[in-house]
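S.K.: Sequences listed follow chains F and L, in order.
Per the numbering used here, the very first residue in the first sequence carries number 1; after that it's consecutive.
Per the numbering used here, the very first residue in the second sequence carries number 1001; after that it's consecutive.
Sending over a structure as structure tokens; questions will come in a sec.
Protein chains: 2
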Amino acid sequence: MKLSTRARYGTRVLLELALHWGKGPVLLKAIAQRQQIPLPYLQQLIGPLVKAGIIKTTRGARGGISLLKLPKEVRLSEVVQILEGSTTPVACVDNPELYPRSDTCVTHDIWAEVKKAMDKVLKSTTFEDLVERQKQKWNLKQLKDH
Amino acid sequence: MKLSTRARYGTRVLLELALHWGKGPVLLKAIAQRQQIPLPYLQQLIGPLVKAGIIKTTRGARGGISLLKLPKEVRLSEVVQILEGSTTPVACVDNPELYPRSDTCVTHDIWAEVKKAMDKVLKSTTFEDLVERQKQKWNLKQLKDH
DNA sequence: TGTTTGTTGACCATTTTAGTCAACAATAAG
DNA sequence: CTTATTGTTGACTAAAATGGTCAACAAACA
């Protein structure tokens, strides 16, 4: 049940953009460095995000990428869907019609429940939530470090 | 976020055993046929289940495999764990100490929540539940088919 | 004793994943 | 308008995971 690096990296990138909201584009190379993502790999992740209308890119000097939507309008579920595809643990949950077995098989039902539980978390989390939680976490850490 | 065939097949096998509870061993070859699982593949799935004490095997004529525990004592989470390993979407959730980033990174927290949501479903489901639901589903289908 | 079963470990092909690269296209600054 | 800076695309590759096979073996029953 592993999540691919695509979805993980993508989430970190968008979180960084959300934290930088309103301050202009962020250089891809800088993101790659901070997030420890190989630049050429990062480059191919942003394509789908641009097509989905979540981010926009600015070329040329002082360019980079920036969030197109408000952080609260971007759900984690979208990002996972875009970069990784469906969260279904089993193909028959997305396309029961292709699997005659699903008609009579309860394992199908239980996997559907698992998916539902995951999706509930992903859909209910926006990048505004993540920004908020990130700031809180930093504050907490600062307190501890003193 | 795909579940491997190992966990899916294993679940189907155990469900079949649970439905057959108390009626002696079930022939591996027969399970393979009914569940459409290649016999040699099925064979290597049962090893770990035996070691975990969930099933026992009977060799020789009229042998097969049978459930060692009561269906209600076997949780879906165990089976997935045994055949597929941890359900963690991201390694840093299981071993945060190996990932310095997890200390300050909220994406770590959110993946942990996703895992928790999945585990909740898997842990709360026993094979007794599955048997019950399976019977209900069959009844429903019979009604519809008339 | 021999036939019926399960057991094990090694092996293999395919697919997926993660990553690289090179050639290109747009933009801004000077 | 030229050049340096940035993003864009698609093809490519190495490594790992997945799904499956096989053969030799071991136990148990009839």
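Glycine included, each C-beta is placed from N, C-alpha and C at the ideal position.
As the structure is a prediction and not an experimental result, all values here were calculated from the model.
At 8 Å on the CB atoms, spell out the chain L contacts of valine 106 of chain F, in chain order.
M.R.: The answer, in chain order, is Leu1015, Leu1130, Arg1133, Gln1134, Lys1137.
S.K.: Look up threonine 1087 of chain L in the DSSP assignment and give the residues it is bridged to.
M.R.: DSSP output for threonine 1087 of chain L lists no bridge partner at all.
S.K.: Can you tell me which of L/Ala1112, L/Asp1119, L/Asn1139 puts its alpha carbon nearest to the alpha carbon of valine 114 of chain F?
M.R.: Measuring from the Cα of valine 114 of chain F, the nearest candidate turns out to be L/Asp1119.
S.K.: Report yes if the C-beta distance between leucine 19 of chain F and isoleucine 31 of chain F is below 8 Å; otherwise report no.
M.R.: No, these two residues do not count as a Cβ contact at 8 Å.
S.K.: Rounded C-beta distance between leucine 1130 of chain L and glycine 1010 of chain L? I'm assuming under 8 Å.
M.R.: The Cβ separation is near 13 Å, so there is no contact.
S.K.: At the level of alpha carbons, what is the spacing between lysine 1141 of chain L and threonine 104 of chain F?
M.R.: Each residue's Cα considered, the two are about 8 Å apart.
S.K.: Would you say threonine 126 of chain F faces chain L, with C-beta separation under 8 Å as the test?
M.R.: Cβ-Cβ to chain L under 8 Å: no for threonine 126 of chain F.
S.K.: Beta-carbon within less than 7 Å of lysine 123 of chain F's beta-carbon, same chain only, minus the 5 sequence neighbours each way: which residues are those?
M.R.: Counting only Cβ-Cβ distances below 7 Å, and skipping sequence neighbours, we find Arg75, Ser77.
S.K.: With DSSP as the reference, please indicate the residues paired to arginine 75 of chain F in a beta bridge.
M.R.: Bridge partners of arginine 75 of chain F: F/Thr126.
S.K.: One question on the structure: do isoleucine 1054 of chain L and leucine 1039 of chain L come within less than 8 Å of each other, judged by their Cβ atoms?
M.R.: Taking 8 Å as the Cβ cut-off, isoleucine 1054 of chain L and leucine 1039 of chain L do not qualify as a contacting pair.
S.K.: When we look at the beta-carbon of glutamine 1134 of chain L and count the other beta-carbons within 10 Å, is it buried (16 or more) or exposed?
M.R.: Classification of glutamine 1134 of chain L: buried, given that the 10 Å Cβ count is 16 or more.
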